[in-house]
Each structure stands twice: as C-alpha cells, then as structure tokens.
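Novice: Let me give you the structure first, and then I'll get to my questions.
2 protein chains.
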Amino acid sequence: MNIFLNFASILLYLAVQCQGSGTDIALDAKATLLHRIDSLNLLIYTCLLTLTVLTIWVFKHRRVSWLHETGLAVIYGLIVGAIIRYAASTNQVTYINVHPAPDTKYNLSVPPDMLRLHFPDKMQVSSGDAPVPNKTYAYSFRGEIVNVEQNEIDLKATFDPEIFFNIILPPIIFHAGYCLKRKYFFRNLGAILTFAMVGTALSALVIGSLMYGCVQLMPASLASSFTFLDTLYFGALISPTDPLTVLAIFSQLKVDVNLYAMIFGESVLNDAVALVLSGAIQNYELRYSNDGGFEITAFLGAIGDFIGIFSLSLLVGALMGCLTALMTKFTHVREWPLLESALFVLMSYAAFLIAEVCELTGVVAVLFCGICQAHYTYNNLSSDSRNRTKQLFELLNFLAENFIFTYIGVSMFTFPKHHFDPWFIIAGFVTSVLGRAVNIYPLSFLLNLGRKPPIPMNFQHMLFFSGLRGAMSFALAIRNTVSEARQAMLTTTSLIVIATVVLQGGAATHALAYLRIPTGESGNDENDALPYRDVRSDTPRDRGEGSTGQKARLARLWGAVDSKLLKPLLTHARPPLTETLPAFMRPLARVLTTTHQYTQGDNSLRRTDSDSDLCIDEQHPIPTSIDPQQIWPGLVDTRISVEGITGSNI
Amino acid sequence: MNIFLNFASILLYLAVQCQGSGTDIALDAKATLLHRIDSLNLLIYTCLLTLTVLTIWVFKHRRVSWLHETGLAVIYGLIVGAIIRYAASTNQVTYINVHPAPDTKYNLSVPPDMLRLHFPDKMQVSSGDAPVPNKTYAYSFRGEIVNVEQNEIDLKATFDPEIFFNIILPPIIFHAGYCLKRKYFFRNLGAILTFAMVGTALSALVIGSLMYGCVQLMPASLASSFTFLDTLYFGALISPTDPLTVLAIFSQLKVDVNLYAMIFGESVLNDAVALVLSGAIQNYELRYSNDGGFEITAFLGAIGDFIGIFSLSLLVGALMGCLTALMTKFTHVREWPLLESALFVLMSYAAFLIAEVCELTGVVAVLFCGICQAHYTYNNLSSDSRNRTKQLFELLNFLAENFIFTYIGVSMFTFPKHHFDPWFIIAGFVTSVLGRAVNIYPLSFLLNLGRKPPIPMNFQHMLFFSGLRGAMSFALAIRNTVSEARQAMLTTTSLIVIATVVLQGGAATHALAYLRIPTGESGNDENDALPYRDVRSDTPRDRGEGSTGQKARLARLWGAVDSKLLKPLLTHARPPLTETLPAFMRPLARVLTTTHQYTQGDNSLRRTDSDSDLCIDEQHPIPTSIDPQQIWPGLVDTRISVEGITGSNI
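Heads up: the sequence lines are chains A and B, in that order.
The first sequence begins at 1 in UniProt numbering and counts up one residue at a time.
The second sequence begins at 1 in UniProt numbering and counts up one residue at a time.
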C-alpha cells in the first residue's frame, strides 16, 4: 500500500511539475490518482475477505470451533488497520483556508452546500512559465473539522457511513427475514416480542441512565460534553444483539430449536427496534430544543414516533412483499426465471428505498418484506428462482457480514473520528452487560408467569450470554460522528463489538457445555427430561397440531387469518378463497383464485405450502420423501442434467 | 418526486427556522435530506427497472420482437428524465463564493483538494436570538463549474461516473467473458481479433480524422475548442460495439453460431480495445504537452502504452483466473459451496481492482479473468457453486445492463454537463456509420483472402449492421466532462447510443430477413447450401474433430498447450500432467496431479471437461443424456428434494 501510494504521489508530482499550461491534464491525473486510491481501498477489503474465506475453510477443515468467521474477520481487520495506520504515512490532501467573498449574501445558520473558488485568482502559484488560467471550481460540503491534524488520514481505507445503510445492511437484514424459521418463530412469538420490544427499550433506558450517572462522576470536561439524550442514544445503539457466532455454533451442535428461534428472532427484531428507537431519540432532541422545555410533549412525541415509524415501516415492507406475491401469482413471469428473480430483487430493494424516502426506517421495511417474500412469494416462484434468490442472498449476506466485521477492525485504526476515553469505555462495557441482564432475567421471570413450558434458568443464562453486539450497533455509531461525545460512543461501540464477537463468540461452545444445554442430534429423541420436549417437533411438517394449546393466542389468530385469507389470496395454496370466504364474497373470491389453485392436488399443495423447505437449515435437513439413490443409483446423473435444464431454462 | 422534494424542503426549512442554537441539529436534518434524495434517486431507477422487467415480460408473453429490453430501458429512462427535468424545479443547493485567506501559502497549479471554511465568521446569519458558534467545516473538490446556472440540477438523479467503472461495468464484462462460447470463439479467432484489434483502431482513426475535418468546416467557435486528439478520443470511445439487442434476436431465431461468435467475440474484445486505446490517447496528450513537440516519440509511446497496458491487464486477469483454479483444485473448499462461491467472486473482483491499482485496465483484466474462470475454475467447482456463480452473474449482468441503459435515457435530461451542438451531432452520426463500414468491409476482404470458408457478403452486411453502440461508449464519454468539447462528445455519444439501440435494435429481425441470413432450427440439418455447413457443430460435444484443418493455426497451437499443460495443471481433467509432460519433469507433474485426476474414469472427465454446459445457451439446450421423466414420472419430486439438499449442503 505504502509503495503504491508513494509511487502514485511521485507520478502525480511529475505530472504536475512537468506540465506547461495543462491544468486540465493535471486535474485528470488527480482524478486518476483518487480513483486508484478508491480501488486500493476496495482491494484491501477484497483481499481481507479472501483471506478470511481461506482461513475459514482451513478452520472448518480442521474443525476449529473457538473462532468464528466474523471474529476472524475482525482480527484480520485490526491487523491490517494497524499496518495502514502506522506504515503508510503519506499526506495526500492539499488544503487552504478560505473566507467568504466580501459581497456575499447568505443568511442561513447552516453552512452552505457548496463553495465556489476562483483559482488561482490572486494566489501565487508556481506553474513554471505559463500562467494558470482562472477558473471557477466547485467544492461540496464534507463535514465539520474537529481535529485539524487528522485531515491526512481521511482518505485511508474508510467509507462513507451512508454505504452501510444503503448497501451493506439491506441484504443482511433481508436475508435474516427471508430465513426466519417461521414455525418456531410464531410459537415463541410472545417471548421474542417481549425481549425485542420491551427488552430493548428497557436495556436502552437502563444503559442510558447508568451511563449518564457514570459520566457525571467523571472529570468535568467529559461530563459537560454528554447530555442525557446522548447517553440514551448510546443505550439505544448498544442494545441490539447480533449473535451470529453463537447461532452458527447452535447450528453446528444442533441445539434446541426453540432456544435457537428465540435468540435469532430476538436479534432480528431488536435491530429494527434499536434503529427506530435511536431515530425517535434524535427526533426528541430536535423537538425538545424547538419547544424549549415541554418535555412531556416531546417525550410523548418520541413514543408516538417510535410506534408510528415502526408500524408504518412494517406496513411498507409487508405491502411490497404482498405486491410481489400478487405479481408472481397472477402473471406468468415465472416462465422466465431471470425476469422473475430480477423482479423479486428489485421489489425487495424498492421496499427499503420507499421507506427511506418517506422518512421511515428502510431496515425495518426490508426485514418484514423478507418475511413476506419467504412466506408468500417464495411459494409462487419457479424452482429456478427459488434457488437463485436463496443462493444470491446467502452469498450477499456472507460477503456483507464479513465485510462489515472486517471494516470494524480496520476502521478502529484508520477512521479519523475516534475518541479514546478510558472511563467512558469501561463504563460502556459494564453497563452493556448490565443492560443485557436487565433485558433477559426480569422479563423471563414475567414471561414464565404466563408461559406453559417456562424458560428454564440455563436457557436464560444462554440468552444473556448471546448478547453479542454487531453490525447494527456499529452502523448506528458511525453514522453520526460530528461531536466529541458521538466519537467517544463510536470508539466504545467498536471495542464492545470486537470484544464480544471475538471473546464471547469464541467461548460459546464452552458456555453451552457449562450451562448443560443439551446438544447433538441424539437430543431429538432421547432427552425426555428436557422441558421443551412436548413442543419440539422434529420434522418440519406440522405434527405439532396437538400442541396448539400451547401456542400464543396471537399466533393462533394470525394462523387463522394467514391460512384462510392471505395464503389463498397471495399464493397458489389450497384451500382456495372460494372455500374460505363467506358466501357473499364468492364472486370476488373467484376472480382471485387461479386455475392452478382449483386443479392442483393435495400433493402439490403440501409441496408448495411448506415453510420449512425454504432456508438453509442445518438443524433439520429437508427430509427427502423418496431417496432417489435407493431407487436407482444412476440418478446421480439425472441430478446433473436436471440442474442443467433448470439453469438454461430462460 | 416533486412532491417529495418540496415536502422535504419545507421540513428542512422548518427545522432550520425553528431551531434555537442547534446548528448540529440543522446539520443532521440536512444530512437526512441528502440521504433521502439519494434514496429517491435509487428508487427512481429501481422503479424504472421494475417497469422494464414487467414490460419485457409482457413483450415476451405476446411475442413482440421489434423492441428489445435495452431499447425499452432507454425509452423509459428518457420519459422519466424529461419528467424530472421539467416537473421538478427545486433549487436545493446553497452556495457562496469564497476567496483564499490572505495568508495562504499554496503553490501548486491545481486547485486544492479541500477548502476549510470558518463559518459563520464575520458573515451575518439570521439565527434568531442565539449566536451561531464559529466552527471549521471541510469542503472537498467537486469539479470545474462551466455553466453557473446549472448548479441546481446537479443533485437530480445523477451518479458519480466512477460508479460505472467500479460497480456497473465489471459484472457485465465478467459475464461476457464467463459466457463466451469458447469453441466457436477460438474457431473464428482470426476474424474476431482482426475486427476487434485492427478494426477498432482503424475505426477510431477514421472517425477521429473525419470528425476533425468536419469540425474545421464548422463555425470558428466550435473549431477552436476541438484538437485533433479530442476528435481521436471521440473516435476511440464511439468505436466499440454493443450488439446486445442483435444477439438476443440471434439467440431467439437460432442464427448461425459462427456469425454469433464473430459478433459477440468482437463486441467483447473491442470494448477492451477501445478502453485501452482511449487511455493511450489521453497519455499521449499528457506526454505530448510535456515534451512540447516530439510527436514521434509521443506517438510511439502511445502505441507502446496500448500494447503494454493491454497485455499486462490480460496477464493480471488470466493469472487471477488461474490462481482461483489452483485454489479450487488443491483445496477442499468445494465441500463448502458458499465459501467456494465467495472465493470465486472475490478473486474475480480482485483481478479488476489489482489492474486498476497498477494503472492498468480493470475491464480487460476482468474479461480475461472471466474467460479463465469459465475455462478452468468452472470445472473444479462443486455443482452448487457452478449454478450459483452462473445465476449470480446472469442476474447482475441483467440488472447492470438495464440500469446503464435506463441511466443513459435519464441522464440525457438530468445530467448537467450536456452540450448540444447540432453540427457535431450530425457529423458524429455520419462518421460513426462510416467508421463501422471501414472496420468491416476492407478487413473482411483481407480476411477472405486467407480464410477457407470466406465470410459471405450477407454476413458482412450483418456484421456492419450489428454496430450498435452501448454501455462502454457511454461510460467513456461520461467519465470526463470538464471541457466543452468533452461535453459535446457526451451528448453526441448518448444520442448515438439511444438511436442505434432503439432503431437498429428494433430493425434487427427485418435486417436478418432482408439479408436472407438463414434462421431457425431447421437450418441445423437442411441448409446444405450454407457456406458454414461443414464447420457447424450442432451438439456441444466435439464432433467437429474432423474440421480441425479449418481452425486457425493460432487456435491449434493454443489448443495443444491448453489440453496438454494448462487443463491438466489447473483442473481435474485427464490426461494428467504425468502423461503429458516430458519424462524429466515427472516428479513435479506428480505433485501437481490430484488423486481425483488419477482415479476418475473417462465418464466423469467428459462431464466436467465440457465447455459447453457452462452458459445460458438458448441455441443449444444441453442434451440430457437421460430424461428422468421418461423413466419415472415421480422424479419431479426427486428434483425438488435434490435441490433442497443442494441448497442446504453448506
């Protein structure tokens, strides 16, 4: 890197020094240089990811379990970040101080978007013999300069935080929604919603208050730079969990599906909750400073914001998902799988963008869009598109996740807006642990009062232990780093993420053993002592009809609406609407039912209607009703040709 | 759009007006607004693409052939661009003029990268009661302002041209390389290389010279702003062809594979050639102005540049492809298809980035990387990864291509740096047609002197007719729009692309009929009069061994190296190196041969070694050696479960 940059500097220097009058050419050279630096940054991350992939392979091959791929990505990122920081010390950026022109009329209190500079104007520039022609150049707003000396590092291996929210997060969150195991998710809906909604808010409040208390006890310079809203914002951003590592180990060791569903479901939803919560806190800040004191109004407004934005975003996502389902049901676009897949991807991304444009939360929209796409649209897709969308988002999710963790490592050293404050960091670590405890234990106690198979103590400990912090916390922290308080938050958040992912992730296997949480396939049949025995269902088919009594009432109500109205409307599933709707709506029902729906047998219903064959499910490999190999060994060949046909079926 | 922006302006206005001292909050609000405008831009393109996908489906369904999807994308883009241009008239950007601070020391002839503005300093800002605190803000270099009034449109639905080169083009070019039908490509290698290398250079020279002549005849103001190098650059950027539409029709109508290979192969390579050529011209400009007159040196330098950059880029791409092949051959990463696919994607993108960082041409590297990946790595991949990479790049290519054509349409109205000059546009149209003619007819004549089955006249006319211009021309034109000359080139290029894609693309079917080029499957067996009869090979298996005599000598030499050295080294193909290398290299050969390679039978060789089952090939659907349906109808079920297993095999 160092060599490249120096080489580039020399080139640029030569280009600039040798020129006659060609300012245009020098500008071209500068643009080329900037492009190469961009490419170099991308290349660094590409190489880091490649290295991560290869190391993961070695780890999987050698069955190393004490370090997960995300932990690995973070560690590689840290190493490379340190190298970039301390090895490459080129000062690329040239700058001058400017003043407004004397006759400028401008009366907003925010700085202007653009500056226009006449160059070289009256400045003395050493251009050799020929004079440099006067031209006007545009400069666009970049941000506040807090620490003037750190300007130079600005170009090194950092990205615009907007990239996280527009490019990196959507596929991760969509994939989570697309892969949510809906059966177990709905069975534990009560617990999941409690932990994710109430728990996250509670955790944010507790962390915010404790941090505010801590900050007050610290040196005055620090105390004055944090308001209560700042620490509350920190509470909101550090509350969402990202237990990737733990879940990977769960899959590997085949841990109880309900525990898996609770941890996964909670982590998916609390990302969304934290994002909306942090937005509401920022809006509160805005409103509070406007009204100048009406705290109650502002507080109620923030709660209204939270509920309104969350439910509207949910609605946008769900509607886009349902719209895609309708499109794929009532058109024959499935005859062209490429068009179908493109439509699927575009509609899902549109859900994100629509929400963002309407000042809602795109991540929440894309999450619920993913859930709807999996629940409805997936059933209408051609098998080629099913495969393609599944594999596409799996790959995107893998790359995006590892990229974000690599970036967390690298940015620890290269991001110019870090502020190391040991007191704040220590307080952050302690309160984030406390916040997780406040989320899990009291709420589990309350839940157990009304829950038939209570959440046993070792499961509670495991829930507590799964409170790793990850991508969402980091993305929220890096989004806004204008003030010193926010910069201290970013540093603390980065450190918490790194520590939890590497250390807690690495210790997950031991925690499972220590807490005596049963693992392994043998658990499916033998562990009768397990309190979840009677809700466990080992085949994806709903053999659990008998356990309906244990489902939450909400889940039961939803199940009725879903199977009688939504599924027949949005997919080719039976029974058709003509059988489920009341008599007076039959004409409408007839219009909304496809021939396919009337004519198909129960066999194909079973096939298309199953939620379970959707996602990569290492816990329950899809049972092949007929094993082709048993009937005719030559089928290995068939499999290949079937794939060939599917691939070329465009 | 208009509504959203106005609504957003009001919100921002309120936020700014109502605040007390909170400049930070106003800045937050401004950042939010900018983010929403970004999202809106993306949403516009997402909706346009969705609309395009749906319309394509309708067209395919109704068998409309007079408009291809790219033409459709352009037209939709034009309509929406016009709406944005004339309906939305909000002026979002605030700006002030600035002067350097009096004590500034700066002596470079290029404008600085950054400006630092103390705000509000001594300016009067109406912030109500509270004073606005003085802060330092950073502004980064954006570009030259040519037309001051057009500032306002800057934010509307335009993207940084760098995005084309770093994000949009690589997947398109990689896909082209990954899908190149190598058999027919190598069989027509001589013609393809002649058209792509010699022809493109010739075309650029002819167009450049003619344009320079035309410009001299025009009003003096115009003549003075174009140098010969400018027009030569125009020649280089308008020379590459992009006959997507024509090729899609070829596939549909099953036109002769050799004609297909020539047109596709030429269009793939001439993109690369034109890119390197335009770079060499720019370097020439640089060198010429440095030496101040040594034209011969500069000219030879440019030729050296061209050859050096092209072959080094080719080398980088090919090496990365071979490295991936080695990685997938000698590790067992194929046991984890997700890791394998990720590795494949990352290595391919790294090829692009390495070339860009080394000041080579990433597009050329990624093209040859794609060819190597298809030729070697593909054979080592697990069937899951084959499928996934194929489908992934197919989808990315589809989305990227349609995005670029939509953008060409929209930017016609929204891009601020257009310069409409009717004379230049007319001259551009005429010379680009002449340039294509100079490329095809004389070179075909020369080729026919030494070519066994000569290129018949109607094929030459079809080659001439396939000279549509597309993505590469546009990307090159929009890359640099600093001067008025470059802006006139962008406008002319956009118009040529739009006209050729919509009109020529629409007329392709008629052209085929008019030129009596045989179409249809019946041609496979019956058209004995066809001059290509004896090189046609209707099954992908190499039944054409007897026609080796007609292959170019280059292709034969390459074939020997490939099958005796490269394939055994890089893939699991037989014969192994132990059989092909001379005796003294046996120990080395033994190390480089896998157990798999020794043990596999000829059967599996045939399967993994076939080039033909790679890409979506509507012309030759892959023959299924055994049709599962004929043996046992219940296999429909098996197919689904096989897919399920494949998907969960991670």
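All C-beta atoms, glycine included, are put in the ideal place defined by N, C-alpha and C.
Because the structure is a prediction, the values reported are computed rather than measured.
Just to make sure I have the definition right: I need the residues of chain A whose C-beta is within less than 8 Å of the C-beta of HIS418 (chain B). Which are they?
Specialist: Near HIS418 (chain B) there are no residues of chain A at all, since even the closest Cβ is about 17 Å away, more than 8 Å.
Novice: Return no unless some Cβ of chain A is closer than 7 Å to the Cβ of PRO111 (chain B).
Specialist: yes
Novice: State the Cα-Cα distance for the pair ARG479 (chain B) and PRO161 (chain B), rounded to the nearest angstrom.
Specialist: 5 Å
Novice: Compare the C-beta of TYR95 (chain A) with all C-beta atoms of chain B and state if any pair is closer than 7 Å.
Specialist: yes
Novice: Check whether the Cβ of LEU40 (chain B) lies closer than 7 Å to any Cβ atom in chain A.
Specialist: yes
Novice: Which one or two residues does DSSP pair with PRO219 (chain B) in a beta bridge?
Specialist: BP columns for PRO219 (chain B) are empty, so no partner.
Novice: Using a Cβ-Cβ distance under 7 Å, would LEU392 (chain B) count as near chain A?
Specialist: At least one chain A Cβ lies under 7 Å of LEU392 (chain B).
Novice: Check the Cβ-Cβ distances between GLU266 (chain A) and every residue of chain B, and say whether any is below 7 Å.
Specialist: no
Novice: MET585 (chain A) touches chain B at which residues, Cβ-Cβ below 7 Å?
Specialist: The contacting residues do not exist; MET585 (chain A) stays about 29 Å from chain B at best.
Novice: Counting contacts by CB-CB distance shorter than 7 Å, is VAL366 (chain B) in contact with chain A?
Specialist: no
Novice: Using a Cβ cut-off of 8 Å, which residues of the segment 449-476 of chain A contact any Cβ in chain B, in chain order?
Specialist: none
Novice: If the cut is a Cβ gap below 7 Å, which residues of chain A does ALA342 (chain B) touch?
Specialist: VAL53, LEU395, PHE398, LEU399
Novice: Which whole-angstrom value describes the C-beta separation of MET320 (chain A) and GLY81 (chain A), a residue pair presumed to lie in contact below a C-beta threshold of 8 Å?
Specialist: About 38 Å; that fails the 8 Å criterion.
Novice: For the pair the segment 512-519 of chain A and the segment 435-448 of chain A, tell me if three or more CB-CB distances fall below 8 Å.
Specialist: no
Novice: Can you check which of these residues, A:ILE281, A:ILE354, A:THR406, is closest to LEU312 (chain A) by C-alpha distance?
Specialist: A:ILE354
Novice: If you count every other CB in all the chains shown that lies within 10 Å of the CB of SER432 (chain A), and 16 or more means buried, which is it?
Specialist: buried
Novice: Please list, in chain order, the chain A residues whose beta carbon lies closer than 7 Å to that of PHE119 (chain B).
Specialist: PRO111
Novice: On the three-pair Cβ rule with 8 Å, is the segment 193-204 of chain A touching the segment 374-393 of chain A?
Specialist: no
Novice: Count the other CB atoms within 10 Å of the CB of TYR86 (chain A); is the residue buried (16 or more) or exposed (fewer)?
Specialist: TYR86 (chain A) should be labelled exposed.
Novice: Taking only runs that begin and end inside the segment 318-361 of chain A, name each unbroken alpha helix (DSSP H) of 4 or more residues, in chain order.
Specialist: 337-357
Novice: My guess is that ILE238 (chain B) and ILE207 (chain B) are in contact by the Cβ rule of under 8 Å, so how many angstroms apart are they, rounded?
Specialist: 6 Å
Novice: If you follow the beta strand (DSSP E) that ILE96 (chain A) is in, where does it begin and where does it stop?
Specialist: 95-100
Novice: Going by the beta-carbon positions, is the gap between LEU67 (chain B) and THR406 (chain B) smaller than 7 Å?
Specialist: no
Novice: Taking the Cβ atom as the reference point for each residue, do MET472 (chain B) and ASP305 (chain B) lie within a distance shorter than 7 Å?
Specialist: no
Novice: Applying the criterion that 16 or more other CB atoms from any shown protein chain within 10 Å of the CB defines a buried residue, is ASP103 (chain B) buried or exposed?
Specialist: exposed
Novice: Out of A:PHE299, A:ASN380, A:LYS254, which has the shortest C-alpha to C-alpha gap to LEU323 (chain A)?
Specialist: A:ASN380
Novice: The alpha helix (DSSP H) that contains ARG486 (chain B), what's its start and end?
Specialist: 484-499
Novice: Within 10 angstroms of its Cβ, does ARG63 (chain B) collect 16 or more other Cβ (buried), or is it exposed?
Specialist: exposed
Novice: Thinking C-alpha only, which one of A:ALA437, A:HIS510, A:PHE119 is nearest LEU205 (chain A)?
Specialist: A:ALA437
Novice: So the beta strand (DSSP E) ARG116 (chain A) belongs to, where does it begin and stop?
Specialist: 114-119
Novice: What is the DSSP secondary structure of THR50 (chain A), reduced to helix, strand or coil?
Specialist: helix
Novice: Distance cutoff 7 Å, beta carbons only. Does residue 661 (chain A) sit that close to anything in chain B?
Specialist: No information on residue 661 (chain A) is available, as it lies outside the stretch 1 to 650 that chain A covers here.
Novice: What distance in whole Å lies between the Cβ atoms of ALA589 (chain B) and LEU577 (chain B), which are believed to be in contact at a cut-off of 8 Å?
Specialist: 4 Å
Novice: Which of the residues in the segment 162-182 of chain A, read from start to end, lie with their CB under 9 Å from any CB of chain B?
Specialist: GLU162, PHE165, ASN166
Novice: Count the other C-beta atoms from every protein chain shown that fall within 10 angstroms of the C-beta of LYS105 (chain B), then say buried if there are 16 or more, exposed otherwise.
Specialist: exposed
Novice: When you compare the CB positions of LEU115 (chain B) and VAL98 (chain A), do they come within less than 7 Å of one another, or not?
Specialist: yes
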